[in-house]
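Participant:
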Amino acid sequence: MTIKEIQNEIIDEFSMFDDWMQRYEYIIELGKSLPLIKEEYKTDENLIKGCQSKVWLQGEQKDDKIVFTADSDAILTKGIIAILIRAFSNQKAEDIINADTQFIDDIGLKEHLSATRANGLVSMIKNIKMYALAFDSKNKN
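Now the structure itself:
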């Protein structure tokens with residue numbers, strides 16, 4: 001599936017819920033299904049700066065795709081990074097770089113987060129795109 005198709009699938013899933021309490025519960029459930037990052041990657045180097053909670057993100061290239069794993073010490077944050085990983089993992093670097101993140105606004109996530117969590121969300125997206133840029137430039141050299 002393309003990033004856009006996955007994002008549309010996420011939007012559809014969120015539209016099934018009537019209120020934000022149900023959506024928060026769903027985000028927490030998504031966090032529980034997150035493929036966990038190996039302990040060896042829970043380092044300061046993989047820690048996302050700008051997040052209220054601790055969030056570790058690790059990406060590696062497999063063939064021509066980037067595979068992300070992550071973890072967080074907060075259940076809601078873990079769900080948020082799970083959504084991002086679902087949208088961007090197993091995709092080509094170039095596609096990640098060029099992908100928009102409008103789906104975050106479409107599901108209303110940013111407006112229902114505290115300011116510090118919303119900043120953390122932006123930092124998570126930035127880190128995912130930075131991984132993609134790094135792998136993309138490495139592949140071109």
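So the sequence shown is numbered by UniProt numbering: it starts at 1 and just counts up by one. For every residue, glycine included, the Cβ atom is placed at its ideal position computed from N, Cα and C. Small disclaimer: the values here were computed from a predicted structure and weren't measured.
1. Tryptophan 56 to lysine 42, Cα distance in whole Å?
2. If you run the structure through DSSP and keep just helix, strand and coil, what is leucine 34?
3. Where does the unbroken beta strand (DSSP E) through leucine 47 begin, and where does it stop?
4. Assign alanine 115 to one of two classes, buried (16 or more other C-beta atoms within 10 Å of its C-beta) or exposed (fewer than that).
5. For the beta strand (DSSP E) holding glycine 108, just list the boundary residues, first then last.
6. Closer than 6 Å by C-beta to isoleucine 75: which residues in its own chain qualify, once you throw out the five before and the five after it? Chain order, please.
7. Report the start-end ranges of each alpha helix (DSSP H) in the stretch 53 to 121 that is 4 residues or longer and not cut off at the edges.
8. Check residue 150 in the structure and name its three-state DSSP category.
9. Whose C-alpha, out of Ile107, Ile96, Ser53 and Lys126, is nearest the C-alpha of serine 15?
10. Helix, strand or coil, according to DSSP, for methionine 1 in the structure here?
11. Would you tell me roughly how many angstroms separate the C-alpha atoms of isoleucine 125 and serine 72, rounded to the nearest one?
12. Tell me the DSSP secondary structure of lysine 138 in three-state form.
13. Considering Cα atoms alone, identify which of Lys110, Phe103 and Glu94 is closest to lysine 140.
Facilitator: If we stick to the structure as given:
1. 6 Å
2. Correct three-state label for leucine 34: coil.
3. That residue, leucine 47, is in no beta strand (DSSP E); it is neither H nor E in DSSP.
4. exposed
5. Careful: glycine 108 lies outside any beta strand (DSSP E) and carries neither H nor E.
6. Ile28 and Gly31
7. 75 to 88, 93 to 98 and 102 to 106
8. Residue 150 is absent from the model: the chain starts at 1 and stops at 141.
9. Ile107
10. coil
11. Isoleucine 125 and serine 72 have their C-alpha atoms roughly 15 Å apart.
12. In the structure shown, the three-state DSSP call for lysine 138 is helix.
13. Glu94
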